[in-house]
Every structure is written in structure tokens, then in C-alpha cells.
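J.: Our numbering puts the first residue of the sequence shown at 144, with every later residue one more than the last.
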Amino acid sequence: MKIVLGSEKNVEEFIKLRMELFKELGEIKEKDNIEELIWETKQYYLQHIKKDLYCWFIEIEEKVVAVASMCTFCRIPYYENPVGVEGYILNVYTSLNSRKKGLATKLVKEIIEFSKNNSIKRLWLNSSESGKNIYKSLGFIEKENEMEYFI
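1) Could you check what DSSP says for Phe216 in three-state terms: helix, strand or coil?
2) Between Lys152 and Tyr188, what straight-line distance do the alpha-carbon atoms span, to the nearest angstrom?
3) Have a look at Lys244, Gly227 and Met162 and flag the residue whose alpha-carbon is nearest the alpha-carbon of Ile181.
4) Under three-state DSSP, which class holds Arg242?
5) What's the C-alpha gap between Arg265 and Gly282?
6) Tell me the residue span of the alpha helix (DSSP H) that contains Trp157.
7) Residues in its own chain within less than 8 Å of Lys275 by CB, not counting five upstream and five downstream?
8) Going by beta-carbon coordinates alone, are Leu250 and Ala211 separated by less than 8 Å?
9) Short of 8 Å in beta carbon distance, which residues of its chain neighbour Val208, apart from the five on each side in sequence? Order them along the chain.
10) Quick one, which of Asp195, Trp199 and Gln190 has its alpha-carbon nearest Lys145's?
11) Once the 5 residues before and after Phe157 are set aside, which same chain residues still bring their CB inside 7 Å of it?
12) At what residue ranges does the stretch 180 to 219 contain a whole run of the beta strand (DSSP E), taking only runs of 3 or more?
13) Quick one: is Val226 buried, meaning 16 or more other Cβ sit within 10 Å of its Cβ, or exposed?
14) Taking the alpha helix (DSSP H) that Tyr278 belongs to, which residues open and close that run?
15) Hey, Trp267 and Glu229 are a contact pair by Cβ (cut 8 Å); roughly how many whole angstroms apart?
16) Ile232 and Met213: beta carbons closer than 8 Å?
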């Protein structure tokens with residue numbers, strides 16, 4: 144098993160695992176035309192990787208089986224985060240055949256370590272029910288005060 148920090152060369156693996164995640168969550172269906180989503184995802188990945196998007200992949204026997212991503216951004220500093228840099232963790236996903244081996248935990252630990260070494264003072268995420276115990280075991284605290292608005 145090998146953990147790899149993603150680069151431009153990992154774009155196809157990223158897209159494949161992200162589409163698997165969306166299908167599993169019911170966000171896309173087999174019959175949906177996802178060509179535009181795939182194209183836009185590829186453009187985003189290539190423009191942002193290692194700038195404000197970081198992705199970690201787990202390879203087992205040279206096959207990518209898991210991914211976790213973090214988007215970073217800077218907000219106005221506040222008491223708990225005087226630097227203002229934050230990381231939003233998303234797309235933590237393990238392929239069906241590789242689950243229950245602690246891979247997601249390993250990836251999130253990698254993100255935490257990277258954040259400590261790069262002055263990212265706050266990490267946050269939205270979790271599926273099945274992922275909550277992973278995050279809680281690593282020290283994440285559940286909050287219920289977020290709202291969203293789609294335009």
C-alpha cells in the first residue's frame with residue numbers, strides 16, 4: 144500500500160473515483176449524461192491541483208483504490224485561527240472492494256499531518272452517516288450550525 148499526493152497525472156483516477164462516489168450517493172444515475180460534469184471536473188482539477196486543491200490517493204498493487212481531497216482557502220483571521228487558512232475536506236472515498244481496511248482513516252490522518260506542516264489551522268467537512276465515526280475517532284467535532292444557499 145502506498146499513499147501518494149496527487150498531481151496532474153492523477154486526474155483520470157480522481158475523476159473515476161469521484162464519479163463512483165456520486166453514483167453511490169445517488170447524485171448521478173447510470174442514465175445521466177455526465178460528459179459536461181467530467182469535463183468540468185477535469186478542468187478544475189488541472190487548474191487547482193497543488194494550489195488550493197490537494198488530493199491523496201492510496202495505491203494497492205499499482206491500482207488506485209481510495210482518495211481524499213482538501214480545498215484550501217483564506218478567510219479573515221479570527222481568534223482561533225489568526226492565520227485564516229482553512230481546509231475543507233471532501234471526496235473521501237474508498238472503492239467498494241477495498242473498504243473496512245482503514246484506508247479512509249489513513250488518508251484523513253495524512254491530511255491532518257499536511258495541514259499541521261502547512262499552517263492550515265482549521266479543517267472542516269460534511270460527513271455521510273457512515274463516515275462520522277472515522278472523523279470523530281480522529282478528533283473532529285460535530286456541529287449543527289451550518290446553512291447553505293444555492294443560486
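Every residue gets a Cβ at the ideal spot worked out from N, C-alpha and C, and that includes glycine.
T.: Inspection of the coordinates gives the following:
1) Working through the sequence shown from its first residue, we reach residue 216 at position 73. Three-state DSSP puts Phe216 in a strand.
2) The residue given as residue 152 occupies position 9 in the sequence shown. The residue given as residue 188 occupies position 45 in the sequence shown. Each residue's alpha carbon lies about 10 Å from the other.
3) One-based indexing of the sequence shown puts residue 181 at position 38. Among Lys244, Gly227 and Met162, the Cα nearest to that of Ile181 is on Met162.
4) Here residue 242 corresponds to residue number 99 of the sequence shown, with the count starting at 1. Note: Arg242 maps to coil in three-state DSSP.
5) On the sequence shown, residue 265 is found 122 positions in, with the first residue counted as 1. On the sequence shown, residue 282 is found 139 positions in, with the first residue counted as 1. So the two alpha carbons sit approximately 12 Å from each other.
6) Here residue 157 refers to the residue found at position 14 when the sequence shown is read from its first residue. Correcting the residue type first, residue 157 is Phe in the shown sequence and not Trp. Start and end: Val154 to Leu168.
7) Reading the sequence shown from its first residue, position 132 is the one you call residue 275. Closer than 8 Å at Cβ, skipping near neighbours: Glu285.
8) Position 107 of the sequence shown, counted from the start, is the residue given in the question as residue 250. Position 68 of the sequence shown, counted from the start, is the residue given in the question as residue 211. Yes. Within cutoff.
9) Taking the first residue of the sequence shown as 1, we reach residue 208 at position 65. If we look at Val208 and ignore the five residues flanking it on each side, its Cβ neighbours are Ile201, Glu202, Thr237, Ser238, Asn240, Ser241 and Leu246.
10) Reading the sequence shown from its first residue, position 2 is the one you call residue 145. Residue Trp199 is the option with its Cα nearest to Lys145.
11) Taking the sequence shown and counting its residues from 1, the one referred to as residue 157 is at position 14. For Phe157, where only same-chain residues beyond five positions count, the Cβ hits under 7 Å are Gly149, Tyr188, Cys198 and Val210.
12) 196 to 203 and 206 to 217
13) Translated into positions along the sequence shown, residue 226 becomes position 83. Val226 should be labelled exposed.
14) As a first step, residue 278 must be located in the sequence shown, where it is residue number 135. Counting along the chain, the alpha helix (DSSP H) containing Tyr278 begins and ends at Lys275 to Ser280.
15) Position 124 of the sequence shown holds residue 267. Position 86 of the sequence shown holds residue 229. Confirmed, about 7 Å.
16) Translated into positions along the sequence shown, residue 232 becomes position 89. Translated into positions along the sequence shown, residue 213 becomes position 70. It is a contact, given that the beta carbons lie within the stated cut-off.
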